[in-house]
Amino acid sequence: MKRAQRVLLWAAVAVLAVIAFSALWPAALATHDPLQTEVRSALLPPSTEHLFGTDQSGRDVYSRVVYGAGRSLGIGLLATVVALTVGLLLGAFAGVAPRGVDATVMRVNDILMAFPEFLVALVVVAVLGPGTVNIAIAVTLAAVPVYIRLARVQTQTLRAAEHVEAARILGVPRATAFLRHVAPGVLGALSVLATIGIGSSILAAAGLSFLGLGPSEPTPEWGLMLAGGRNVLGQAWWISVFPGIAITLTVVSATVVGRILRARGAGRTA
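For what it's worth, our numbering labels the leading residue of the sequence shown as 58, then goes sequentially.
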């Protein structure tokens, strides 16, 4: 790995570590109660007392950004883990299933992949209704097709590998050979993709919240905070800018880590 890539990787990891710490222990970093309102302190610019300024209700934007990390990161992680699990199961099943079953599963999957993930998530939320849980479900369903396709390709590739064929010749049962030699490789490939997928899921959840389909006020959530400051952007830019920066840093950092890991994995395979 080149030095520039190494520096970029560690910078991205450091950002994700800070975001994760904020999500797990927000009280250790926050300076105010994120729900406390103070009308007399409304729309104050960034200062030593309010690092990111205050919103229309006088709430501390910095503390709300810190507490919002838990909800935004939680949705992204939950959606990614569930999508990875479902994609692994369905993709592996398609990879070992008879040709007719495989073709049926993949045609349905191709139809879902023809639409942008955010559009699929938007349709699901429109059917289920707004709310944090429904957003997590929508983002999960939108992300699943990518994992299914990759799991199927990896399953079919690894099944034909020499060490898997050797295990079968030695009398190892098919199920055992799959669990020992195929499943770990498929899971490893999906895990690298999931690192990038976390950022995409966070971005999709924030977009849905921005449209008013997620949690409601006064919940501290990055997408909701973006929406809350859009009408006063010229007067109080900090209300939207700082949660926007938090979203951008998280998504970019997750993508950088995922792409570097994928590049290293491709190098080892080659």
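Glycine is no exception: its CB is placed at the ideal position from the N, C-alpha and C atoms.
1. Comparing the C-beta of T94 with each C-beta of chain C, is any distance below 8 Å?
2. Could you tell me whether the Cβ atoms of A149 and T189 are closer together than 8 Å?
3. By the 10 Å Cβ neighbour count, where 16 or more other Cβ atoms means buried, how is D90 classified, buried or exposed?
4. Do A251 and L141 count as a contact pair if the criterion is CB distance below 8 Å?
5. Opposite T111 in the DSSP bridges: which residues?
6. Could you check the C-alpha separation between N288 and T305 for me, to the nearest Å?
7. Can you list, in chain order, the residues of its chain with a C-beta nearer than 8 Å to that of R237? Leave out the 5 residues immediately preceding and following it.
8. Report the start-end ranges of each alpha helix (DSSP H) in the stretch 148-185 that is 4 residues or longer and not cut off at the edges.
9. Residues in its own chain within less than 8 Å of R316 by CB, not counting five upstream and five downstream?
10. Under 8 Å between the Cβ atoms of R216 and M163?
11. Taking Cβ to Cβ, would you say W295 is nearer than 8 Å to F109?
12. Roughly how many angstroms lie between the CA atoms of A200 and Q93, to the nearest whole one?
13. So for T219, helix, strand or coil by DSSP?
14. On a Cα-Cα basis, can you pick out the residue from S258, T214, A68 that is closest to V153?
15. How about the stretch 77-90 and the stretch 109-125: do they share at least three Cβ pairs that are nearer than 8 Å?
16. Could you tell me the alpha carbon to alpha carbon distance between V249 and R206, rounded to whole angstroms?
17. Indicate the three-state DSSP secondary structure (helix, strand or coil) for Q93 in the structure shown.
18. If you reduce the DSSP assignment to three classes, tell me which class Q292 lands in.
Let me lay it out:
1. Within the model displayed, chain C is absent; a lone protein chain is all it includes.
2. No. Outside cutoff.
3. Exposed is the call here.
4. Yes, the Cβ-Cβ distance between L141 and A251 is below 8 Å.
5. Paired residue(s): D117.
6. Answer to the nearest angstrom: the Cα atoms are 21 Å apart.
7. Closer than 8 Å at Cβ, skipping near neighbours: A224, V229.
8. 156-170, 174-185, all fully within the stretch 148-185.
9. Apart from the 5 residues on each side of it in sequence, R316 sits with its Cβ closer than 8 Å to the Cβ of I253 in its chain, given in chain order.
10. In terms of Cβ geometry, R216 and M163 do not form a close pair [threshold 8 Å].
11. Contact: yes.
12. Straight-line Cα distance between these residues: approximately 36 Å.
13. With the sequence shown as reference, residue 219 is identified as Glu, and Thr is not the correct amino acid for it. DSSP places E219 in the helix class (H, G or I) of the three-state scheme.
14. Residue nearest to V153 within the set S258, T214, A68 is T214 (criterion: CA-CA distance).
15. Output reads yes: the stretch 109-125 touches the stretch 77-90.
16. If you take the alpha carbons of V249 and R206, they lie about 14 Å apart.
17. Three-state result, Q93: coil.
18. For Q292, the secondary structure class from DSSP, reduced to helix, strand or coil, is coil.
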